[in-house]
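Below is one structure, written out as structure tokens; comments come after it.
Residue numbers (this note's numbering): 48 to 175.
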């Protein structure tokens, strides 16, 4: 289960977003997410997930259990009332066709390793 989501189509050559859809996410937060993704040093970046052997991971996993060590968590997610996030790069073969991020509310349970494995298994189907 998740409380909000973001999904984007991607350009396999550049790994940039070409179109995106949000569910239960504020439009006003978009520039902050983009700034974090492309200009700041943080955990669980899309490009890193696209190039990693496993293409899905939660922010909790990426920070070794310390969400507060992530700028995105401290400065964007937590003020929005969001907690852990589960991200995946949507890969088929060697091409990345999109990205998905599922969010949980701040006081909801964090994503588990099983959740990440499920999304990792589902991601190629979504990319196809």
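For glycine and all other residues, C-beta sits at the position ideal for the given N, C-alpha and C.
None of these values were measured; they are calculated from a predicted model.
Using C-beta distances below 7 Å, list every residue in its chain close to residue i, excluding the 5 sequence neighbours before and after it, in chain order.
| i | result |
| --- | --- |
| residue 97 | 62, 136, 138 and 143 |
| residue 94 | 62 |
| residue 72 | 51 and 53 |
| residue 128 | 152 and 153 |
What separation, rounded to the nearest whole angstrom, lies between the Cα atoms of residue i and residue j?
| i | j | result |
| --- | --- | --- |
| residue 80 | residue 74 | 10 Å |
| residue 48 | residue 161 | 12 Å |
| residue 159 | residue 145 | 22 Å |
| residue 151 | residue 132 | 6 Å |
| residue 149 | residue 141 | 23 Å |
| residue 116 | residue 110 | 7 Å |
| residue 87 | residue 172 | 31 Å |
| residue 114 | residue 123 | 12 Å |
Nearest to residue i by alpha carbon, out of the options?
| i | options | result |
| --- | --- | --- |
| residue 126 | 173, 147, 104 and 76 | 76 |
| residue 18 | 164, 155 and 91 | Because residue 18 is not part of the residues shown, which for the chain are 48 to 175, the question remains open. |
| residue 164 | 56, 120, 100 and 82 | 100 |
| residue 119 | 56, 82, 57 and 64 | 82 |
Under the assumption that residue i contacts residue j (Cβ atoms under 8 Å), give the Cβ distance between them as a whole number of angstroms.
| i | j | result |
| --- | --- | --- |
| residue 104 | residue 69 | About 21 Å separates the two Cβ atoms, so there is no contact after all. |
| residue 102 | residue 175 | Contact flag wrong, Cβ pair sits at about 14 Å. |
Note down, in chain order, each residue of its chain lying with its Cβ closer than 8 Å to the Cβ of residue i, except the 5 sequence neighbours on either side.
| i | result |
| --- | --- |
| residue 218 | The question about residue 218 has no answer, for the chain in this structure spans 48 to 175. |
**Message:** For a minimum of 3 consecutive residues, which ranges assigned as the beta strand (DSSP E) are wholly contained in the region 62-150?
**Reply:** Within the region 62-150, the complete beta strand (DSSP E) runs of at least 3 residues are 64-70, 103-105 and 129-139.
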